[in-house]
Amino acid sequence: MIRTDLIAPVAELLKRQATRFPHKTAYADAGRAITYGELESAVTKLATHLRARGTVPGTSVALWLPNSVDWVVACLAIVRAGGMAVPISYDATLPEAIYRLEDSNARALVTTGARLAALGKAAVPETVILTDADGSKGTLSFRQLCAAPADGVTLEPDDIDRASYIVYTSGTTGRAKGVLLTTRGMLWVTAACWAPILGLDESDTVLSPLPLF
């Protein structure tokens, strides 16, 4: 049976789980965990800052982070703000990362200080958000943006049928190509495969060892 209840806008899914399980762990990495209530709050606040800095439908925002709670928060916030998330493997070579930033026309980048230093002045978007720094030297602090909403910003309901992700192919037979994916398409995988086939429900914990990009 297809779990059509899982196909809904990101804002609705987050609010639903935050209301039902506010204190339950949603995601955890080696360093920290985040509850559904905290996740909904952080995603919404970060999304307002992305919107305030020009993230609108059709805007690409790149993610160059390791598997982490921060990755999940950033990805959902990009989609919630109306942008297109562009995941880049944290192990990508510098030429690979630069190509994806330029090819996707990324207007913002969420990354670490180490990866920003590796980029130097090459292909750095106008907005850079660092997950491990305080926002000095022309960058913004991920922690600060997740702590308080931007002033005067209202987020419209997100459209699950617009392009929300640009995922790059492996490039084994040529240069990697960016594939546009909608939120509906991504959620159908969960609704039609993962949830019903594995019988997943709120009592389960799922290990995700594969890269999130």
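According to this note's numbering, the sequence shown holds residues 82 to 294 in order.
Just so it is clear, CB atoms sit at the ideal spot from N, CA and C, and this is done for glycine as well.
DSSP has residue i in a bridge; who is on the other side?
i: Y145; result: The displayed chain sequence assigns Trp, not Tyr, to residue 145. Paired residues: T192.
i: S222; result: L211
i: T116; result: T106
i: G259; result: Y249
i: A244; result: T263
Find the nearest neighbour of residue i within the set the options, judged by alpha-carbon distance.
i: A173; options: W275, S251, T235, P206; result: S251
i: G62; options: A204, R224, M165; result: Residue 62 lies beyond the stretch modelled for the chain, which goes from 82 to 294, so this question has no answer here.
i: E237; options: E119, R97, A133; result: A133
i: E93; options: I241, S222, G266; result: I241
i: Y180; options: T208, I210, A214, A143; result: A143
i: G233; options: G216, L261, P90, L131; result: L131
i: P138; options: P277, T129, D239, P290; result: D239
Pop quiz: residue i and residue j are said to be a contact at Cβ under 8 Å. What is the actual Cβ separation, rounded to whole angstroms?
i: V154; j: L127; result: 6 Å
Considering only residues of the same chain and omitting the five flanking positions on each side of residue i, which have a CB-CB separation below 6 Å?
i: W152; result: L146, L293
Might you give, ordered along the chain, the residues of its own chain that have their beta carbon closer than 7 Å to the beta carbon of residue i, omitting 5 neighbours on each side?
i: G118; result: A99, P103, H104
i: E121; result: L95, K96, A99
i: V124; result: L95, V154, L157, A158, R161
Keeping to the same chain, check which residues put their C-beta closer than 8 Å to that of residue i; ignore five residues upstream and five downstream.
i: L281; result: W275, V287
i: I88; result: I241, R265, L268, W269, A272
Taking 8 Å as the threshold (beta carbon to beta carbon), is residue i in contact with chain B?
i: D285; result: The structure shown contains no chain B, having only a single protein chain.
Problem - Complete runs of the beta strand (DSSP E) confined to the stretch 122-189 [at least 3 residues] - result: Correct list: 141-145, 165-168.
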